[in-house]
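Engineer: Numbering-wise (this note's numbering), the sequence shown opens with residue 7 and increments by one.
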Amino acid sequence: TVIKRLNQQLGGKIPVIAAGGILTAADAEEKQAAGAALVQLYSGLIYRGPKLINDILKARTTP
C-alpha cells in the first residue's frame with residue numbers, strides 16, 4: 007500500500023497520517039496495520055456519525 011511504501015521511504019522518521027475513505031472500524035485498522043501513526047476521520051463521520059468513533063475504539067480493545 008501507499009502507507010507501507012511511505013513508511014519504508016521515510017524510515018519511520020516522519021509519522022504517516024492516513025486520510026480519505028475511512029468509513030468503518032475495519033478501514034481504520036487496515037490503515038494502522040499498514041503503518042499509519044494516525045487516521046483522519048471526516049467522510050466516515052459524515053456518513054456514519056459519531057458512532058464510528060465508538061466502533062473504532064471497541065475494535066481496538068476487542069482481542
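Positions of the beta carbon are idealized from the N, C-alpha and C atoms, including for glycine.
The structure presented is a predicted model; accordingly, all values stated were derived computationally and were not measured.
How many whole angstroms separate the CB atoms of residue 52 and residue 31, which I take to be in contact at a CB cut-off of 8 Å?
Structural biologist: With a beta-carbon spacing of about 16 Å, residue 52 and residue 31 fall beyond the 8 Å limit used to define contacts.
Engineer: Can you name, in chain order, every residue of its own chain whose Cβ lies under 6 Å from the Cβ of residue 7, other than the five neighbours on each side?
Structural biologist: Hits under 6 Å: 40.
Engineer: So, helix, strand or coil for residue 58, using DSSP?
Structural biologist: helix
Engineer: If contacts are defined as beta-carbon pairs under 8 Å, then residue 47 and residue 28 qualify, I think. What distance do you get, rounded to the angstrom?
Structural biologist: 6 Å
Engineer: From residue 9 to residue 43, what distance separates their C-alpha atoms?
Structural biologist: 10 Å
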